[in-house]
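Peer 1:
Residue numbers (full-length UniProt numbering): 1 to 187.
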């Protein structure tokens, strides 16, 4: 039996929502999950994200703070925002990609199709990880095939997100997934 100790992370764009989540046991907070806002035509400016970061730091000065850099910004603007977020006390920068896509092919071919969806988060991870000293975490549009690309690009970790689960993956996790794919495809 393997016992895992996972940190609970709560995501919001309202810093006032974080204290009750931390009181309930969250060890990390994230300013992000902008996708639902994009669908309503709402985008967060760098100034708004910096303001949310400052307010969160004021309310919770010692909590681990992750801030997502919107993929809607140009790559140079994403890098600039990440640098400013680091100066404001963010502990982790999270990148995001485009809309989730459903692959048209099964298996590994379907996983490789997701490279197009992962391109924005991979480019951001590469650029941002070279500009900041804090960890960069990739999210959005990643698969077992594209997650190692994110780590190679400079991400400290990847967030594998689907409708039901969110899992922070490391190299060890990815190695296990590839081994399982090889085992399943060798029959």
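Glycine included, every Cβ here is placed at the ideal spot set by N, Cα and C.
1) Within its chain, find whatever has a CB closer than 6 Å to the CB of residue 89; leave out the 5 residues flanking it on each side and keep chain order.
2) Quick check on the DSSP output: the beta strand (DSSP E) that includes residue 149 runs from which residue to which?
3) Are the Cβ atoms of residue 67 and residue 97 separated by less than 8 Å?
4) Confirm, please, whether the CB-CB distance from residue 154 to residue 129 is below 8 Å.
5) Taking the alpha-carbon positions, what's the residue 166 to residue 159 distance?
6) Would you mind working out which of 141, 12, 47 sits nearest residue 28, comparing C-alpha positions?
7) Of the choices 117, 53, 51, whose alpha-carbon is the least far from that of residue 143?
8) So the alpha helix (DSSP H) residue 56 belongs to, where does it begin and stop?
9) Rounded C-beta distance between residue 81 and residue 75? I'm assuming under 8 Å.
10) Can you list, in chain order, the residues of its chain with a C-beta nearer than 8 Å to that of residue 18? Leave out the 5 residues immediately preceding and following it.
Peer 2: According to the structure shown:
1) By one-based count along the chain shown, residue 89 stands at place 89. Cβ neighbours of residue 89 beyond the five flanking positions: 57.
2) Working through the chain shown from its first residue, we reach residue 149 at position 149. Unbroken run through residue 149 is the alpha helix (DSSP H), 147–153; no beta strand (DSSP E).
3) Mapped onto the chain shown, residue 67 falls at position 67. Mapped onto the chain shown, residue 97 falls at position 97. No; because the gap between Cβ atoms is not below 8 Å, this pair is not in contact.
4) For this step, residue 129 is matched to residue 129 along the chain shown. For this step, residue 154 is matched to residue 154 along the chain shown. Yes; because the gap between Cβ atoms is below 8 Å, this pair is in contact.
5) Start at 1 with the first residue of the chain shown, and residue 166 comes out as number 166. Start at 1 with the first residue of the chain shown, and residue 159 comes out as number 159. Here residue 166 scores only 41 on pLDDT, less than 50, and its place in the model is too uncertain to base an answer on.
6) For this step, residue 28 is matched to residue 28 along the chain shown. When each option's Cα is compared against that of residue 28, the closest is 12.
7) Residue mapping note: residue 143 aligns to position 143 of the chain shown, counting from 1. Taking only the C-alpha atoms, the option nearest residue 143 is 117.
8) The sequence position of residue 56 within the chain shown is 56, counting from 1. Element bounds for residue 56: 46–59.
9) Indexing the chain shown from 1 puts residue 81 at position 81. Indexing the chain shown from 1 puts residue 75 at position 75. About 11 Å separates the beta carbons of residue 81 and residue 75, which is beyond the 8 Å limit, so they are not a contact pair.
10) As a first step, residue 18 must be located in the chain shown, where it is residue number 18. Non-local C-beta neighbours of residue 18 in its own chain, meaning closer than 8 Å and more than five positions away in sequence, comprise 10, 12, 26, 29, 56, 59, 60, 63, ordered along the chain.
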